[in-house]
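Student: Take a look at this one; I'll ask things after.
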Amino acid sequence: MLNRWESWYYAAGDLGFNFVWQSIELYLLFYYIRDLGMAPGVAAGIFLAGAAVDWVTDPLVGAVADRLAPRVPLRAWVSVGGPLSVLLLCLAFAPPPVPAAWVPGYALLTYLGLRFFYGVGNIPYGALTARISPDANDHMILTSARMQGAALGGLIAALTYALLPTGRVGGADFRLGALILAGLAMPAFLATSWGTRERVAPPATARLHLGRTIAEMFTLVLRSSALRRLMATILMVGLAVTLLNKSLLFLFDQVGAADIGYYVALSPSLSLLLTAPLWSRLAERIGQARTLRLGAVLLFLAILLAFVSQGLASMLVCITLSIIAVQGMSVMFWSLVPGAVAACEQEAHAAGYAVRVYAVATITRKLAQALAPQLIAIALFAPHGSILMILAAVAFLTVLVVTFFPPVEERAITAGP
């Protein structure tokens, strides 16, 4: 049912969205602190405020997209939210056209707009996996292709920032990088909008008021054990991924190797690009939950080795192993979302919860993204090595969650009575 080219047209969307995501994930906090001179607590507070707004706007996007799905295809949201998100990315990295005292306010406004429009495009984009095909194997193919598109997008973003002219406080011309990435993202969003086909018709939803539709989404969290397990996994894995990614520039800046940090920032995307098919094949053999646990254990051991390592070379090896582990876990938790969709729609008698489930997953992921800067801000006030200590603690908690409260796999749901 799924043709090869369509999976890559779908992956093009995450290529474009990851120009935005990686810019936020790897560079924006560093830009706020090093280039704009914000206090770490103020910069971290901006990220936390963004997450708080997401908790309101993302459910709204999910509810509206689900209600309009019979008439407005999900891919149409990509063609609107995608371009607007890269426009706000350019504004976020532009020199603030305001007095110094107003810079935090300007940064907050542009960041909130960036988060909102990113959600407008990315939440329906994620739900496309469940609408392009009903087949679980196709979902794995789409997720793997999506992860490779995301990896390529992140790699291009990291290369763009690393190779740009330096000389500014933070070391890279972030404004020029954002403009370049915006130009590259536009055709990627169009490829997804025009190159994919939604074969699974969304079930007709009850004609509820929008407020009740959103309330039902939160009721769904209370009702569905599968969704709660997925949220716990995404929260811990997302926190580990974001904390490691956002820490890279700070870690190498602390050891006097700031220039190397920009090239190490290539590793997350390069690792995802090269290892996503391998992680997917491993999941086909031993299952997604077991693969997730394997990645969590590898991350914990690699961070411990990085903490006790001596010298830059050994630290590079350990950090690289950590990056490989978190990218594998990223592939797994996104591939597990269709299982939660199936469980929720089965419990609700096919009431059409796909976008709302993806909204919950995205909110949880963004919560993890918001918590990571708070931990980094604390670590920056503590002695060197505190970032690695926090990473080790988060990795250990991740092992506990995926071992004792594991997510539900889609095959287990579809094979059930």
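Numbering (the working numbering), first residue to last: 135 to 551.
Quick reminder that beta carbons are idealized off the backbone N, C-alpha and C, glycines included.
Treat the numbers as computed from the prediction; the structure is a model and nothing was measured.
(1) For the segment 313-321 against the segment 161-174, are there 3 or more C-beta pairs whose distance is under 8 Å?
(2) Nearest to L354 by alpha carbon, out of G390, E479, S414 and P217?
(3) Around the C-beta of W236, are 16 or more other C-beta atoms found within 10 angstroms, so that it is buried, or is it exposed?
(4) Can you name, in chain order, every residue of its own chain whose Cβ lies under 8 Å from the Cβ of R331, other than the five neighbours on each side?
(5) Please determine if the segment 189-201 and the segment 217-235 are in contact, where contact requires at least 3 C-beta pairs separated by less than 8 Å.
(6) Please report whether the beta-carbon of A459 lies at a distance below 8 Å from any beta-carbon of chain D.
(7) Ignoring anything shorter than 4 residues or poking outside the segment 308-382, list the alpha helix (DSSP H) runs there in chain order.
(8) Quick check: what's the CA-CA separation for P540 versus G171?
(9) Just verifying my parser: in three-state terms, what is the DSSP assignment at A146?
(10) Are the beta-carbon atoms of A183 and I167 separated by less than 8 Å?
(11) Mind checking G304: buried by the 16 CB within 10 Å criterion, or exposed?
(12) Give the secondary structure of A292 by DSSP, where H, G and I count as helix, E and B as strand, and everything else as coil.
(13) Answer yes if the segment 426-440 comes into contact with the segment 526-541, meaning at least three C-beta pairs across the two stretches below 8 Å, and no otherwise.
(14) Compute the beta-carbon to beta-carbon distance between V334 and L223, rounded to the nearest angstrom, for a pair I have assumed lies under 8 Å.
(15) Enumerate in chain order the residues of its own chain whose CB-to-CB distance from G301 is below 6 Å, with the five nearest sequence positions on each side excluded.
(16) S403 and A292 - do their beta-carbons sit closer together than 8 Å?
(17) Is it the case that the Cβ atoms of A459 and G429 are separated by a distance below 8 Å?
(18) So, using beta-carbon positions, are L136 and D272 closer together than 8 Å?
(19) In terms of residue numbering, what span does the alpha helix (DSSP H) encompassing M172 cover?
(20) Taking the alpha helix (DSSP H) that N256 belongs to, which residues open and close that run?
(21) Can you check which of these residues, Y240, D188, Q156 and D200, is closest to I290 by C-alpha distance?
(22) Using a Cβ distance threshold of 8 Å, determine whether the segment 375-389 contacts the segment 499-515, with at least three qualifying pairs required.
(23) Grab the span of the alpha helix (DSSP H) containing Y165 for me, first residue to last.
(24) Buried or exposed, going by whether 16 or more other CB atoms sit within 10 Å of the CB of D188?
(25) Kindly list the residues whose CB is nearer than 6 Å to the CB of I524, restricted to its own chain and excluding five residues on each side of it in sequence; keep chain order.
(26) May I ask which residues mark the beginning and end of the alpha helix (DSSP H) holding P217?
(27) Can you grab the Cα-Cα spacing for the pair V475 / Y245, in whole Å?
(28) If you drop the 5 nearest sequence neighbours on each side, which residues of the same chain put their C-beta closer than 8 Å to that of M274?
(29) Are the CB atoms of L324 and S213 within a distance shorter than 8 Å?
(30) Would you call the CB atoms of L242 and I180 closer than 8 Å?
(31) Where does L276 fall in DSSP's three states?
(32) Which residue comes first and which comes last in the alpha helix (DSSP H) that contains G395?
(33) Give the DSSP-derived three-state secondary structure of S448 in the structure shown.
Tutor: According to the structure shown:
(1) The answer is no - the segment 161-174 does not touch the segment 313-321, with fewer than three Cβ pairs under 8 Å.
(2) E479
(3) Under this definition W236 is an exposed residue.
(4) E140 and I266
(5) no
(6) Included in the structure is just one protein chain, with no chain D present.
(7) 308-329 and 344-357
(8) 41 Å
(9) Under the three-state reduction of DSSP output, A146 falls in the helix class.
(10) No.
(11) Confidence in G304 is poor, its pLDDT being 45 and thus under 50, which makes the residue's placement too unreliable to answer from.
(12) helix
(13) Touching, yes, given that three or more Cβ pairs across the two stretches are closer than 8 Å.
(14) The Cβ separation is near 32 Å, so there is no contact.
(15) Caution is warranted here: a pLDDT of 46 is assigned to G301, below 50, making its placement in the model unreliable, and the coordinate value is therefore given only provisionally. Contacts found: none.
(16) yes
(17) yes
(18) yes
(19) In the DSSP assignment, M172 falls outside any alpha helix (DSSP H) and carries neither an H nor an E.
(20) Where N256 is concerned, the enclosing alpha helix (DSSP H) starts and stops at V237 to I266.
(21) Q156
(22) yes
(23) Run containing Y165: none; DSSP gives neither H nor E here.
(24) buried
(25) L509 and A513
(26) L208 to F227
(27) 30 Å
(28) S414, A417, E418 and S469
(29) yes
(30) yes
(31) L276 falls in the helix class under three-state DSSP.
(32) A392 to V398
(33) DSSP, read as helix, strand or coil, puts S448 in helix.
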